[in-house]
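Per numbering that gives the first Met the number 0, the sequence shown runs over residues 0 to 247. Here's the structure we're looking at; comments come further down.
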Amino acid sequence: MKIQRIHFEKIESTSTWAKENAQIFDLDGLTCVTAFEQTAGRGRFNRRWISGRGQNITATLFFTLPKESPIVANLAQLLSLSCVAVLEKLGFTPQIKWPNDLLLNGKKVSGILCETIEINNRLGIALGIGMNVNLPEEILSKIDQPATSLLQVSGKTWPIEELIDLILKQFAADLEKLKTAGFASFKNNYEKHLAYLGQPITCSDAAGRKSIQGVCHSVAPDGRLNLLLPDGSMRTLSTGDLHLPGAC
Ligand code: BTN
Numbered sequence: 000m001k002i003q004r005i006h007f008e009k010i011e012s013t014s015t016w017a018k019e020n021a022q023i024f025d026l027d028g029l030t031c032v033t034a035f036e037q038t039a040g041r042g043r044f045n046r047r048w049i050s051g052r053g054q055n056i057t058a059t060l061f062f063t064l065p066k067e068s069p070i071v072a073n074l075a076q077l078l079s080l081s082c083v084a085v086l087e088k089l090g091f092t093p094q095i096k097w098p099n100d101l102l103l104n105g106k107k108v109s110g111i112l113c114e115t116i117e118i119n120n121r122l123g124i125a126l127g128i129g130m131n132v133n134l135p136e137e138i139l140s141k142i143d144q145p146a147t148s149l150l151q152v153s154g155k156t157w158p159i160e161e162l163i164d165l166i167l168k169q170f171a172a173d174l175e176k177l178k179t180a181g182f183a184s185f186k187n188n189y190e191k192h193l194a195y196l197g198q199p200i201t202c203s204d205a206a207g208r209k210s211i212q213g214v215c216h217s218v219a220p221d222g223r224l225n226l227l228l229p230d231g232s233m234r235t236l237s238t239g240d241l242h243l244p245g246a247c
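Structure follows, in structure tokens:
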């Protein structure tokens, strides 16, 4: 898959820009839009995403799939797994908070936002990733949930451009496998890295209101999360925001 890069010094959001300008991309390849600074970074559930200036990975991976492609639901999970592979090679021990947050030492280091548009009778995928790379303690402490960075965990700074290249190569290879073998072929590796496995958790909906409690039991072959409920039944979740009991 041909990979192209577009970089901005300052932009509202790489994902917003990618979706609005996708017509100029090579729609048979993968276009990666990055920014030194985002002024209106967006996260899941309409949250803000803070990424500092030049200290983090702020990127959107744009590519297309056939309209009815069944793998759309797994793309963000796949990217989280690609990042796990890269971070492990660098000596980190990442875990995945279902469905696609990356944790280091139990704190969030990366988040992924998957959005779609229709383009040329195909599905355009904008996979936005934010990863805290060289974010120092002063900024991490302003984030409204426990967050960390590669700098904080390792005590050293990391070359952002090289990390992006490693992630892009890994993701392009993983995407080919997903297209041919489906998410089931990643399930074991994904589950191996799953945070909270066997632990009681709460899963809340997009509005952060309705929540359901149970034990984080396993991952289904299609990537959904199996939650063991207090009455012994199993609920399979397609979306949601996981927390440990007592955390918000
Ligand atoms: C999350 O809520 O965890 C997902 C965060 C995704 C942030 C990235 S940064 C690059 C891209 N542009 C955005 O506005 N959001 C995504």
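Where is the CB? At the ideal position from N, CA and C, for every residue including glycine. Keep in mind the model is a prediction, meaning the values are calculated, not measured.
Would you mind reading off the limits of the beta strand (DSSP E) that contains V108?
K106 to I118
Are the beta-carbon atoms of A206 and K96 separated by less than 7 Å?
no
Assuming L26 and N119 are in contact, meaning their beta carbons sit under 8 Å apart, how far apart are those beta carbons, in whole angstroms?
6 Å
Please list, in chain order, all residues of the same chain as T235 whose beta carbon is under 8 Å from its beta carbon, the five residues on each side excluded.
These residues qualify, in order along the chain: A219, R223, L224, N225 and L226.
Give me the Cβ distance between L78 and I49, rounded to the nearest whole Å; I'm assuming they're in contact under 8 Å.
At roughly 20 Å, the Cβ-Cβ gap does not stay under 8 Å, so L78 and I49 are not in contact.
Cβ of R4 versus every heavy atom of the ligand BTN: is any distance shorter than 6 Å?
Checking every heavy atom of the ligand BTN against the Cβ of R4, none is found closer than 6 Å.
Under 8 Å by Cβ, that's how I've got A58 and I163 pegged, so tell me the actual separation to the nearest angstrom.
6 Å
Can you give, in chain order, each stretch of the alpha helix (DSSP H) that sits fully within the region 11-97 and has at least 4 residues?
When DSSP assignments are scanned along the region 11-97, the uninterrupted stretches of alpha helix (DSSP H) that are 4 or more residues long and fall wholly within it turn out to be 13-20 and 74-88.
What residue range is occupied by the uninterrupted beta strand (DSSP E) comprising Q212?
S210 to V218
Taking 6 Å as the cut-off, does the CB of L122 come closer than this to any heavy atom belonging to the ligand BTN?
no
Please report the distance separating the alpha-carbon of I124 from that of M0.
15 Å
Quick one, which of I10, N73 and N99 has its alpha-carbon nearest T51's?
As written in the sequence, residue 51 is Gly, which differs from the Thr given in the question. Looking at the Cα atoms, I10 is the closest of the given residues.
When the Cα atoms are used, what is the spatial distance from L86 to S109?
11 Å
Run through the region 172-241 for me and flag every whole alpha helix (DSSP H) of 4 or more residues, listed as ranges in chain order.
186-191
For the ligand BTN, is there any heavy atom lying closer than 6 Å to the beta carbon of T59?
yes
Let's test the definition: count the other Cβ atoms within 10 Å of the Cβ of I23 and tell me whether it reaches 16, buried, or not, exposed.
Flag for I23 reads exposed.
Any idea what DSSP makes of I163, helix, strand or coil?
helix
When you measure from the CB of G53 to every non-hydrogen atom of the ligand BTN, does any distance come out below 6 Å?
no
Find the nearest neighbour of L102 within the set N131, E137 and I116, judged by alpha-carbon distance.
N131
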